[in-house]
Amino acid sequence: MKNKVVSTLLFATLIAVGIACTKKPASQELVIEIPAGFNGNFVLDMGVHDAAPLSREGNAYAVTLPQDGKIQTSTLLENPHVTFKNGSDGKVWGYSQRIFTTGDGISIGGKIEFFVGSQKEFEAEQDKKNKSGGLFIQEQSSLGA
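Be aware that the sequence shown starts at 51, since it is given in my numbering, and climbs by one per residue.
This is the structure we're talking about:
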């Protein structure tokens, strides 16, 4: 009888631990403030060793876009819920987020990118990127030949 009680308690403990390990952590909040007059690309490099951490407003991390559109931070947000406070006339286009990991899956850095402006400006920026990307590939292939 005692063995049955012990094995039942052990089984219940294993079930509780299994359930606790499968719960997803709460999503981190990131508020990105786009000031009036900002137009162009934005890049947030995360997990940069000697950079300052992101500031917080309550429970959310907060970022205000600088005029050069580039921020480096030691903070690494793996899958944040992003909210935009857009004071500019442009819209946000091409939002992307990447996390960089080691071969065994440990997160070591990341990047959030987007463009602020009109659709026409965004498409022109994409065309520039595509053309420069094509030249880079050509240079690499000519170096190997």
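Backbone N, C-alpha and C fix where the C-beta goes; we use that ideal spot for every residue, glycine too. Keep in mind the model is a prediction, meaning the values are calculated, not measured.
- In this structure, DSSP gives D177 a helical state, which the three-state scheme calls helix.
- Judged by DSSP secondary structure, F150 falls within the beta strand (DSSP E) whose first and last residues are 141-151.
- In this structure, S138 sits away from I149, with a CB-CB distance that is not shorter than 8 Å.
- With fewer than 16 other Cβ atoms from the protein chains shown falling within 10 Å of its own Cβ, Y145 counts as exposed.
- Q169 sits in a helix when the DSSP states are folded into three classes.
- In this structure, A101 places its C-beta atom within 8 Å of the C-beta atom of S124.
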